[in-house]
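A.B. asks: Below is a structure I'd like to ask you about.
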Amino acid sequence: LGKTHLVTTLAKTFGGASGRIQFTPDLMPSDVTGFRLFDMKSQTFQLRQGPVFTNLLLADEINRAPAKTQAALLEVMQEQQVTIDGETLKLAPPFMTLATQNPVEHEGTYPLPEAQLDRFIMKVLIDYPAREAECEIVARAASETPGGGDSGVSVICGPREIVAAQQATAAVQVVPEVVGYAVALAQATRESRSISLGAGTRGAISLVKIGKAFAALEGRGFVTPDDIKRAALPVLRHRVQLTPEIAISGQDVDEVLHAIVESVPAPRQ
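When the letters of the sequence shown are read in order and numbered with our numbering, they come out as residues 484 to 752.
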């Protein structure tokens, strides 16, 4: 579906660096974060930075690696720093992680730990494009020269502009009633009889953050309940687990979450 191409193209549009990790069963944590190697010539340990030292990171097929290797991303994603041999190294902003995963029924996959899933602010479902769009993709790809690069991609902003946009989004106002609505949605997932594991406090925080992003994209300086409601499915779908009975019945997570969202009264705007 062109996920790698999407990430590298995004990185090129803001002139930042992009990195990619192909997760495999034999991937080690040091392959993700980096390591120190003894240099015989200088008689010192030299740092070999891992692929996380970038602006935009693609963790491809993240659930093909065991939990220990997946956990190497926890500190990076939460604190935007890496600890190697006791030394903490800060990453240059901006830093963002996009990950892809295979369906759990595929051979050679490992379940993602809840702590790892909780670090991702959203889970976006990508399906095959419509026939017309797929025809255009095939036609464009067939006319490209291998290794020719993306001649149509140009830099539209720099990393500083991205950081400034993040700061402006964080400054979007949220009234207590809207914050309470986000918390109520997260609590409702924990109280639902259809869900065995509900969203935690980080889920409510993410609802507010994505609500701010939606408001900023529409040029508003405040978050509405509709922004929170719009964020509910992509923010919560990877943070909850259905009970075995509900899963066997054929209901999916989005259906259950949609029912929960409709059952929680939103504050008046």
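The beta carbon of each residue, even a glycine, is placed where N, CA and C say it ideally should be.
Suppose you measure from the CA of PHE528 to the CA of ALA500; what does that come to, to the nearest Å?
C.D. replies: 26 Å
A.B. asks: For ARG751, which option in ARG673, ARG713, GLU660, ALA554 has the closest C-alpha, if you only look at C-alpha atoms?
C.D. replies: GLU660
A.B. asks: What number of angstroms, rounded off, separates the C-alpha of ASP522 from the C-alpha of VAL718?
C.D. replies: 45 Å
A.B. asks: Could you name the residues of the same chain whose beta carbon sits closer than 6 Å to that of ALA698, not counting the 5 residues immediately before and after it, in chain order?
C.D. replies: VAL655, VAL706, ASP710
A.B. asks: Is LEU557 helix, strand or coil by DSSP?
C.D. replies: helix
A.B. asks: Taking the C-alpha atoms as reference points, what is the distance between THR491 and ILE567?
C.D. replies: 27 Å
A.B. asks: With DSSP as the reference, please indicate the residues paired to VAL706 in a beta bridge.
C.D. replies: None, per the DSSP bridge assignment.
A.B. asks: What are the complete beta strand (DSSP E) segments, minimum 3 residues, inside the region 587 to 647?
C.D. replies: none
A.B. asks: Quick check on this structure: which residue in PHE518, SER677, LEU581 has the alpha carbon closest to the alpha carbon of GLY733?
C.D. replies: SER677
A.B. asks: Could you say which of VAL657, GLU562, LYS712 lies nearest to LYS573 if we only look at CA atoms?
C.D. replies: GLU562
A.B. asks: For PRO508, tell me which candidate among LEU489, LEU556, TYR593 has the shortest Cα-Cα distance.
C.D. replies: TYR593
A.B. asks: Quick check on ASP601: buried or exposed, where buried means 16 or more other Cβ atoms within 10 Å of its Cβ?
C.D. replies: buried
A.B. asks: Please specify which runs of the alpha helix (DSSP H), each continuous and at least 4 residues long, are wholly inside the region 489 to 532, giving them in chain order.
C.D. replies: 512 to 516
A.B. asks: For THR695, is the classification buried or exposed, using 16 other Cβ atoms within 10 angstroms of its Cβ as the cut-off for buried?
C.D. replies: Position check: residue 695 holds Lys in this sequence, whereas Thr was assumed. Buried: at least 16 other Cβ atoms inside 10 Å.
A.B. asks: Taking the alpha carbon of VAL657 as the point to measure from, which residue in GLU627, PRO612, ILE688, ALA682 has its own alpha carbon closest?
C.D. replies: ILE688
A.B. asks: What do you reckon, are the CB atoms on PRO577 and PRO534 nearer than 8 Å?
C.D. replies: Contact flag unset, no.
A.B. asks: Could you give the distance in angstroms between the alpha-carbon of ILE620 and the alpha-carbon of ILE609?
C.D. replies: 15 Å
A.B. asks: Alpha carbon to alpha carbon, how far is ARG519 from GLU570? Give it in angstroms, no decimals.
C.D. replies: 11 Å
A.B. asks: At the level of alpha carbons, what is the spacing between GLU674 and VAL662?
C.D. replies: Roughly 19 Å between the two C-alpha positions.
A.B. asks: Anyone know if the C-beta pair for VAL515 and LEU556 falls short of 8 Å?
C.D. replies: yes
A.B. asks: Beta strand (DSSP E) containing GLU570: first to last residue?
C.D. replies: 570 to 573
A.B. asks: Taking the straight line between their C-alpha atoms, what separation do you get for LEU716 and GLN584?
C.D. replies: 18 Å
A.B. asks: So, VAL747 versus ALA667, is the Cβ gap smaller than 8 Å?
C.D. replies: Remark: C-beta atoms of VAL747 and ALA667 approach each other more closely than 8 Å.
A.B. asks: Confirm, please, whether the CB-CB distance from LYS495 to VAL638 is below 8 Å.
C.D. replies: The Cβ atoms of VAL638 and LYS495 sit closer than 8 Å to each other.
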